[in-house]
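Colleague: Note that the numbering used here has the sequence shown beginning at 956, numbered continuously upward.
Where a beta carbon is used, it is the ideal one built from N, C-alpha and C, also for glycine.
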Amino acid sequence: MKVAIVHDWLVNYGGAERVVEQMLVLYPDADIFTLVYDKNKMAAHFPPEKVHTSFLQKIPKATRIYTKLLHFMPRAFEAFDFSGYDLVISSSSSCAKGIITPPTVPYIAYIHSPMRYVWDLYYDYLQASGHLTRFFMKQWIPALRQWDYISSQRIDTLVANSAYIARRIKKFWNRDARVIHPPVDVERLSPNGQEAEDFFVAFSRFVPYKRMDLAIQACGELKKNLIVIGSGSQESALKALASRYQTITFTGRISDDEVKGYLQRCRALIFCAEEDFGIIPVEAQACGRPVIAFGKGGALETIVDGKTGLFFKEQNLSSLKDALQRFENMHFNAADIVSHAQSFSNARFRHELQEAIEQTQHTMTGAQ
């Protein structure tokens, strides 16, 4: 069986790329189609001989400026020819799901999120952009919004990475989606069998919507030790905020093994973002540690309140501080936390995705 896997872009390795890796475990001989591909960063995960890029790859520095090419992405993905394939699977949070496949070829789209900058966060992105970007957004986004809806209608089976995303798919595309949570490499994570040390962890990219500032300020004001892991555009601002306090430590970018060590030893992970799913809270739970999380989005599907963590209801400082104080009077069983995390394994993802693919194939065979 000849299989194609389509992904938005292959320029950095993250949670979405782990999904593609697990798809390749199911179909190791599959061809990969993507907008642009950074060989230097991604060859170890996705060999060049497997990867087919769009015409946008020919643009100088395409792997750096690809986000500026949004207007051309629909045309680039629609240019791929899948007439010689028996099965097509996409992994999409942008335009990859908009490919055109023959009517007899089963097409399953795994949706990390409908495009936020086109739909629910359009006005946030518009307000945060410069004058030139705002001008082009107002010119181009309405047409892109129409294309996004139309292209969603030609997918045979839609799979959402969470019930939260399935609701957004229903809202914006009027399509029902099957929920399959993304794979988490819980097999490499485990408790260290030791008592927790006296610190919390906040681990994320330093970008505004992650709200790392809340974790820093809450721990600082309550005089709780916090290890901040990661880097990003807000690094200077977050370090300036942390300089007011004596209990905040930044690690910068560190290895997976070092992250694992901090997760194993911390009292809890503090997670302040509203995420579509959120892999890091599952990783912390695989290490036997509870999660203190903003109670909205994917966290509601990965954390059991009172058993594997606790929620704060409002994305603000007072709500998080209240949760940290409640945490002091709570007890969590590491074995229960680990058991819950195991339900998000790579093997579980592959099994559920394979079921969705086989059902789609069966339905389409019966209809022919």
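1) Using the C-alpha atoms, what's the distance from residue 1037 back to residue 1057?
2) In terms of DSSP beta bridges, what is residue 1062 paired with?
3) I'd like to know if the region 1241-1259 and the region 1211-1229 are in contact, where contact means that at least 3 CB-CB pairs between them fall below 8 Å.
4) Take residue 1144 and list the residues in its own chain whose beta-carbon comes closer than 7 Å to its own, dropping the five residues that flank it on each side.
5) Out of 989, 1262, 1115, which has the shortest C-alpha to C-alpha gap to residue 1054?
6) Rounded to a whole number of angstroms, what is the C-alpha to C-alpha distance between residue 1180 and residue 1078?
7) Indicate whether residue 1110 and residue 1051 have their beta-carbon atoms separated by less than 8 Å.
8) Cutting at 6 Å between CB atoms, please list the residues of its own chain near residue 902, excluding the five before and the five after it.
9) Taking residue 966 as the reference, which of 995, 959, 977, 984 has the closest Cα?
10) Check residue 1277 in the structure and name its three-state DSSP category.
11) When the Cα atoms are used, what is the spatial distance from residue 1043 to residue 1199?
12) For residue 1264, write down the residues that DSSP places opposite it in a beta bridge.
13) Buried or exposed for residue 1000, please, with buried defined as at least 16 other CB atoms from any protein chain shown within 10 angstroms of its CB.
14) Check residue 1086 in the structure and name its three-state DSSP category.
15) Please name the residue, chosen from 1268, 1161, 1272, 1315, that lies closest to residue 1252 on a Cα-to-Cα basis.
16) Let me check understanding here. Comparing Cα to Cα, which of 1183, 1234, 1219 lies closest to residue 1209?
17) Any chance the region 981-988 sits against the region 996-1016, with 3 or more Cβ pairs inside 8 Å?
18) Which residue wins for smallest C-alpha separation from residue 1320, given the options 1193, 1059, 1219?
19) In the region 1130-1202, which residue ranges form an unbroken beta strand (DSSP E) of at least 3 residues, counting only runs that do not cross its ends?
20) Which first and last residues belong to the beta strand (DSSP E) in which residue 1114 is found?
21) Just curious, the alpha helix (DSSP H) that residue 971 is in, first and last residue?
22) Cα separation between residue 1165 and residue 1082?
23) Classify residue 992 as helix, strand or coil using the three-state DSSP reduction.
24) Please state the DSSP three-state secondary structure of residue 1317.
25) Taking Cβ positions, are residue 1075 and residue 958 nearer each other than 8 Å?
26) Could you give the DSSP three-state label for residue 1076: helix, strand or coil?
27) Let's see if you can read the secondary structure: which residues bound the beta strand (DSSP E) around residue 958?
28) Which term fits residue 1358, buried or exposed, when burial requires 16 or more other beta carbons within 10 angstroms of its beta carbon?
29) If we ignore side chains and look at the alpha-carbon of each, how far apart do residue 984 and residue 1308 end up?
30) Using C-beta distances below 8 Å, list every residue in its chain close to residue 1161, excluding the 5 sequence neighbours before and after it, in chain order.
Modeller: On the basis of the data shown:
1) It is roughly 7 Å from the alpha-carbon of residue 1057 to the alpha-carbon of residue 1037.
2) The bridge partners DSSP lists for residue 1062 are 1043.
3) They touch, by the three-pair rule.
4) Same-chain partners within the cutoff: 1215, 1238, 1241, 1242.
5) Taking only the C-alpha atoms, the option nearest residue 1054 is 989.
6) Their Cα atoms are separated by approximately 36 Å.
7) Pairing residue 1110 with residue 1051 gives a Cβ-Cβ distance that is not under 8 Å.
8) Nothing about residue 902 can be reported from this structure: the residues present for the chain run from 956 to 1323 only.
9) Comparing Cα-Cα distances from residue 966 to each of 995, 959, 977, 984, the minimum goes to 995.
10) In the structure shown, the three-state DSSP call for residue 1277 is helix.
11) Roughly 53 Å separates the two Cα atoms.
12) Per DSSP, 1246, 1260.
13) Classification of residue 1000: exposed, given that the 10 Å Cβ count is below 16.
14) Judged by DSSP in its simplified three-state form, residue 1086 adopts helix.
15) When C-alpha distances from residue 1252 are compared across 1268, 1161, 1272, 1315, the shortest belongs to 1268.
16) If we check each option's Cα against that of residue 1209, 1183 comes out closest.
17) Cβ pair count under 8 Å is three or more, so yes.
18) Cα-wise, what sits closest to residue 1320 is 1059.
19) Runs found: 1155-1158, 1181-1184.
20) Start and end: 1112-1115.
21) 970-981 is the span of the alpha helix (DSSP H), which, as asked, contains residue 971.
22) Rounded to whole angstroms, residue 1165 to residue 1082 spans 18 Å at the Cα level.
23) In the three-state reduction of the DSSP assignment, residue 992 falls in the strand class, which pools E and B.
24) In the structure shown, residue 1317 sits in a helix (DSSP, three-state: H, G or I).
25) Not closer than 8 Å, so no.
26) Assigned with DSSP and collapsed to three states, residue 1076 falls in coil, not helix or strand.
27) For residue 958, the enclosing beta strand (DSSP E) stretches over residues 958-962.
28) The question about residue 1358 has no answer here: the residues shown for the chain are numbered 956 through 1323.
29) If I take the Cα positions, the gap works out to 17 Å.
30) For residue 1161, where only same-chain residues beyond five positions count, the Cβ hits under 8 Å are 1167, 1185, 1186, 1187, 1188, 1189, 1190, 1193.
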